[in-house]
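This report concerns only the one structure given below.
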Amino acid sequence: MDNKVYFFDTTLRDGEQSPGATMNLQEKLRLAHQLEVLGVDIMEAGFPASSPGDFESVRRIAEQAGDIQVAGLARCMDGDIDRCWEAVKVARRPRIHTFLSTSPLHMKHKLRKDPEVVLQMIEAGVRRCAGYTDNVEFSAEDASRSDKDFLCRVVETAIRAGATTINLPDTVGYAQPDEFASLIKYVIENTPNSDKAIFSVHCHNDLGLAVANTLAALRVGARQAEVTISGIGERAGNAALEEVVMALRVRHDLYHLEHNIHTEQLYPSCRLLSMTIGQPIANNKAIVGANAFAHESGIHQDGMLKNRETYEIMTPQSVGRTESSLVIGKHSGRNAVRNKFESMGYKLDDDQLQLVFEAVKKLADCKKTLHDDDLMALVQEEIYRLPDRFRLRHVSVQSSDAGGVPPTAAVLMDIDGMERSGAGFGVGPVDAIFNVINDMLGREPELEQYAINAITSGTDALGEVTVRLSEGQYKAVGRGAHPDILVASARAYVNALNNLAKKEKEGERLHCQHG
Ligand code: KIV
Ligand code: ZN
85 MDNKVYFFDT TLRDGEQSPG ATMNLQEKLR LAHQLEVLGV DIMEAGFPAS SPGDFESVRR
145 IAEQAGDIQV AGLARCMDGD IDRCWEAVKV ARRPRIHTFL STSPLHMKHK LRKDPEVVLQ
205 MIEAGVRRCA GYTDNVEFSA EDASRSDKDF LCRVVETAIR AGATTINLPD TVGYAQPDEF
265 ASLIKYVIEN TPNSDKAIFS VHCHNDLGLA VANTLAALRV GARQAEVTIS GIGERAGNAA
325 LEEVVMALRV RHDLYHLEHN IHTEQLYPSC RLLSMTIGQP IANNKAIVGA NAFAHESGIH
385 QDGMLKNRET YEIMTPQSVG RTESSLVIGK HSGRNAVRNK FESMGYKLDD DQLQLVFEAV
445 KKLADCKKTL HDDDLMALVQ EEIYRLPDRF RLRHVSVQSS DAGGVPPTAA VLMDIDGMER
505 SGAGFGVGPV DAIFNVINDM LGREPELEQY AINAITSGTD ALGEVTVRLS EGQYKAVGRG
565 AHPDILVASA RAYVNALNNL AKKEKEGERL HCQHG
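Given below as structure tokens:
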């Protein structure tokens, strides 16, 4: 069917390269499962040769995957390709995605190779991949700044060597939509064997044009879109999956293109990612931001009441912004809780259910109705965290506007299994909490970012705090959710410290392994 667009999601690879978006194995497995539920055709699970941790997570994702194709990234080098195949081969439908730069700038300064040598490397690399599988993708890195006739030779070579998908990335987000569309059209029309491969695009957002460039390329014959959830990725990010999908759906009259994405899974997928990496969705984010379907002005509200289509080009329901009818509260039983989580896509084993059930009861004591987002935050807190060195037990804070009485915090926590307590002051209550915890642990990380976000509406809303810390060469993000924002702050801070400690440990382990 030549009007079918394949969605290739690279949230777990290019997305994970964005600052502060690192995920642990459990989190990656959960997101990979959600990508399958969403209807993504191909997911890029990682870059196996980049680290032992990446290799392991690609292998585990490949093992767990159902019908979705699982790609691993590899430079056009034997070692990378072999390692990539080792990691993806356990998938039902594995793909090797190999790449090499083709622009004059990259060939001269990054690769330090002549164009003819680059062609030979592409030929040899793709052939090696094709020896393992017939599902091979080749990417001409920095395609948008490459010479278009050289690009045709590159593509012809890669297809002759066995590539079945050809990706032409706008690696640095430099292209403009009409110019990018002309390039894609030119390559398709001027490469003799172009009918033997699917053409793909992968656009970065440095000038805010990633989605526009992707759509422009689809109009002239590209049939694979490389995207990420919420557009996360290197620098300014990649094309946002939800935006490309909804443009195709809302403007079907223009594109006439079909795809396999279940659009009602868009919002849950973006929410899950946001919770996982601790980066809130901006209020004005297209499709999934809090304001995307909010109508504030009187004229708009009046129009909406008369006919929704006056100001709404798609319904909130079509992108999954609905609460399911199963309401969870204080009196919900274990079965209802299990069913609710299943309906949200979480399959919990008995031990996990027990943990979550207890947490639901605790939260329902201080909050009457639990929304889907509350529950998602909770399962994220209870299940998807790695074992921690530091555990917060209690925090209490006193703050006052009387001069001369600084805010005070008292903290009780477990440090490597030992109960410890501490108390101290700060400029404000959050500062007091962080100072006490630092003193108890004998550390002084730099607080790079502190953000607070209400997950649901109302004064009893769950507050979600995200903090980013750095110490030496390591950086880590932590998050915490609780109806009391000071408790959420303490949890986020302790979570970030645990993540920092894990990174230091992982760094030491790799240092020992590689000597
Ligand atoms: O941006 C890019 O060019 C990439 C390639 C590896 C596909 O991420
Ligand atoms: Zn990229």
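Counting from 85, one number per residue, gives the positions in the sequence shown under the numbering used here. Where is the CB? At the ideal position from N, CA and C, for every residue including glycine. For clarity, every value in this text was computed on a predicted model and none was experimentally measured.
Counted within 10 angstroms of its Cβ, other Cβ atoms place K589 as buried (16 or more) or exposed: Exposed, by the Cβ-count rule.
Bounding residues of the alpha helix (DSSP H) (the contiguous stretch that carries R244): K232 to A245
CA nearest to the CA of M127, picked from E263, A331 and A155: A155
Distance cut-off 7 Å: P253 Cβ against heavy atoms of the ligand KIV: It does: the Cβ of P253 is within 7 Å (strictly closer) of some heavy atom of the ligand KIV.
Rounded distance between the beta-carbons of S402 and T347, thought under 8 Å: 5 Å
C-alpha distance - D233 paired with H193, whole-angstrom precision: Cα-Cα distance, rounded: 20 Å.
Close-in-space but distant-in-sequence residues of the same chain around G321 (CB under 6 Å, 5 per side omitted): Excluding positions up to five away in sequence, the list reads N289 and G315.
Within 8 Å, strictly: CB atoms of I467 and M107: no
Buried or exposed (CB count within 10 angstroms, at least 16 for buried), E350: One detail in the question is off: residue 350 reads as Leu in this sequence, not Glu. Looking at its Cβ environment, which holds 16 or more other Cβ atoms inside 10 Å, L350 is buried.
Bounding residues of the alpha helix (DSSP H) (the contiguous stretch that carries F518): P513 to L525
The segment 514-533 contacting the segment 567-575, beta-carbon criterion three pairs below 8 Å: Contact holds between the segment 514-533 and the segment 567-575, because three or more Cβ pairs, one in each stretch, are under 8 Å apart.
As assigned by DSSP and simplified to three states, the class of V201: helix
Reduced DSSP category for G130 - H, G, I as helix; E, B as strand; rest coil: strand
Cβ contact check for the segment 472-490 and the segment 434-445: 3 or more pairs under 8 Å: no
Other residues of its chain near A133: CB distance less than 7 Å, five sequence neighbours each side excluded: Correct list, in chain order: A158, G163, D164, R167 and C168.
Same chain, Cβ closer than 6 Å to K280, five either side skipped, listed in chain order: I243
Chain-order list of residues whose beta-carbon lies under 8 Å from that of G150 (same chain, five-residue window excluded): E120 and R176
The segment 325-334 / the segment 367-376 touching (three or more Cβ pairs under 8 Å): yes
Backbone CA spacing between A214 and A171 [nearest angstrom]: 16 Å
P352, buried or exposed, once every other Cβ within 10 Å from all chains shown has been counted against 16: Buried: at least 16 other Cβ atoms inside 10 Å.
For C354, the first and last residue of its enclosing alpha helix (DSSP H): L350 to I361
Short Cβ contact (8 Å threshold) for V238 with L203: yes
Span separating the alpha-carbon of D457 from that of R355: 8 Å
Supposed contact pair R563 and V549 - C-beta distance, whole angstroms, cut 8 Å: 7 Å
beta-carbon D98 near the ligand ZN non-hydrogen atom, thresh 7 Å: yes
Buried versus exposed call for A300 [16 or more other C-beta atoms within 10 Å across all chains shown]: Counting the other Cβ atoms within 10 Å of the Cβ of A300 gives 16 or more, which makes it buried.
G556, buried or exposed, once every other Cβ within 10 Å from all chains shown has been counted against 16: The residue in question, G556, is exposed, as its Cβ has fewer than 16 Cβ neighbours within 10 Å.
Of the residues L581, I180 and S554, the one placed nearest E530, counting alpha carbons only: S554
Closer than 7 Å: H190 CB and nearest the ligand KIV heavy atom: Incorrect: H190 has no Cβ contact closer than 7 Å to the ligand KIV.
Heavy atom of the ligand KIV within 7 Å of L496 beta-carbon: no
Any non-hydrogen atom of the ligand ZN closer than 7 Å to H181 Cβ: no
Whole-angstrom distance between R97 and G130, CA atom to CA atom: 4 Å
Own chain, CB closer than 6 Å to A493, minus 5 neighbours either side, in chain order: Short of 6 Å from the beta carbon of A493, and not among the five residues preceding or following it, lie these beta carbons of its own chain, in chain order: V481, A516, I517 and V520.
N- and C-terminal bounds of the beta strand (DSSP E) containing R504: M502 to F509
Start-to-end residues for the beta strand (DSSP E) that takes in G321: Neither: G321 is in no beta strand (DSSP E) and is coded neither H nor E.
Limits of the alpha helix (DSSP H) - the one that E465 falls within: D456 to I467
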